[in-house]
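Numbering (my numbering), first residue to last: 682 to 980.
Ideal Cβ positions, reconstructed from N, Cα and C, are used throughout, including at glycine.
Owing to the predicted nature of the structure, the values given are computational and were not obtained by experimental measurement.
Notes for the one structure printed next.
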Amino acid sequence: MKKKRALGRGLSALLSDSHKVPTNAQSILDLPLAEIRANPLQPRQSFDQERLEELAASIKEHGVVQPVVCTREADGYRLVVGERRCRAARLAGLEAIPAIVREMADVELLEVALIENIQREDLNPIEEARAYSYLLSEHNLTQDQLSSRLGRSRPAISNTLRLLALPDPIRREVESGDLSAGHARALLSLDSESQQMRVWAMVTQRALSVRQTEKLVRDIQEETKKAAHQKQKKLSPDWLQIQDHLTRQLGTHVHIRPGSKGKGKIELDYASTQELERLVELLIYLGERVEARPSLGVL
């Protein structure tokens with residue numbers, strides 16, 4: 682049996698005190714569906730039509746068992762919680778729906794809608810990530826504050842937000858449910874979009890599990906490191922001669938590591954503090970001797 686994800690703060694917490702859901706039946710109103718507008722901050726963007734029709738059939742038989750939550754606006758009401766119920770009620774031919782009316786700020790509207798959907802596991806990972814991103818940017822919240830308000834761990838929020846960095850085709854696959862968030866997070870470990878796209882194609886073609894995908898990514902990363910190391914080892918004959926000459930002159934192994942755009946590193950091996958001190962003194966001495974002399978001119 683699949684367990685629901687536990688949240689530290691739920692709807693009851695966000696609707697507590699002045700926003701507490703009343704138990705008094707007189708506090709529940711029958712609002713005309715025509716006057717209820719969808720919440721523009723609703724994080725959930727996709728609704729399964731077949732499940733909506735099933736809910737509509739249940740509503741025809743039993744009515745709307747749980748009231749929706751709305752906030753009052755100048756020309757009607759804005760829906761906070763219960764968009765599936767509203768949509769299904771319209772499909773069922775209802776003209777009104779039981780509702781609780783509460784005053785809420787925009788940040789609370791999104792928090793309540795987000796928490797309801799997370800608790801019901803109705804959001805896909807991309808919708809959840811977009812909602813987190815909106816709360817962080819539009820309401821100047823930190824990830825720690827968001828973690829506290831939503832009752833989600835900071836790593837969970839951070840890992841979900843990372844999904845927004847996926848290339849568009851992969852992100853659409855996650856949003857549609859054709860690719861899991863676990864697969865997507867494994868792909869994000871790769872350095873470039875081109876690598877991510879290439880491995881995604883392999884994952885799809887081979888129908889790899891998340892663990893198999895993680896192993897494939899690790900193998901590719903190891904191959905990339907080895908290739909970079911081998912490429913770094915390739916020196917021209919002139920530089921190999923200079924490297925050998927420096928090794929003899931300094932009495933320790935010298936490694937010339939060429940990089941890109943003419944940059945690179947020269948590394949000296951030493952086995953003890955005493956040897957390091959000897960090398961430092963020798964380099965200072967040699968530097969003083971050749972300071973005024975022209976460069977070797979070997980390129």
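Subject >> Buried/exposed call for T954, threshold 16 Cβ in 10 Å >> reply: exposed
**OP:** For my contact list, L714 and C767 are in at a C-beta cut-off of 8 angstroms; report their separation, rounded to the angstrom.
**Re:** 7 angstroms
Subject >> Cβ neighbour criterion (16 or more within 10 Å) applied to Q886 >> reply: exposed
**OP:** Closer than 8 angstroms by C-beta to R866: which residues in its own chain qualify, once you throw out the five before and the five after it? Chain order, please.
**Re:** Around R866: N840, R843 and L844.
Original post:
If you check the beta carbons only, do A874 and P848 fall under 8 angstroms apart?
Top reply: In the sequence on display, residue 874 carries Glu and not Ala. Yes, the pair counts as a contact, with Cβ atoms nearer than the cut-off.
Original post:
Anyone know if the C-beta pair for L736 and A777 falls short of 8 angstroms?
Top reply: Contact: no.
Original post:
Between I901 and L871, is the Cβ-Cβ spacing less than 8 angstroms?
Top reply: For I901 and L871, yes; Cβs fall inside 8 angstroms.
**OP:** Using beta-carbon positions only, say whether I717 and L772 come within less than 8 angstroms of one another.
**Re:** no
**OP:** Could you pull out every residue in the same chain whose Cβ sits closer than 7 angstroms to the Cβ of S708, ignoring the five residues on either side in sequence?
**Re:** I781
Subject >> Where D729 sits in the DSSP three-state scheme >> reply: coil
Original post:
With which residues is Y813 paired in a DSSP beta bridge?
Top reply: Paired residues: none, contrary to the question.
Original post:
From Q930 to V971, what does the alpha carbon distance come to, in whole angstroms?
Top reply: Separation of Q930 and V971 (C-alpha to C-alpha, rounded to the nearest whole angstrom) is 14 angstroms.
Original post:
Under 8 angstroms between the Cβ atoms of H926 and V891?
Top reply: no
Subject >> Given 8 angstroms, three or more beta-carbon pairs between the stretch 803-820 and the stretch 853-860 >> reply: yes
Subject >> Per DSSP, the bridge partner or partners of K946 >> reply: R938
Original post:
By DSSP, does T646 sit in helix, in strand, or in coil?
Top reply: One cannot answer for residue 646 here, as it falls past the ends of the chain, which runs 682 to 980.
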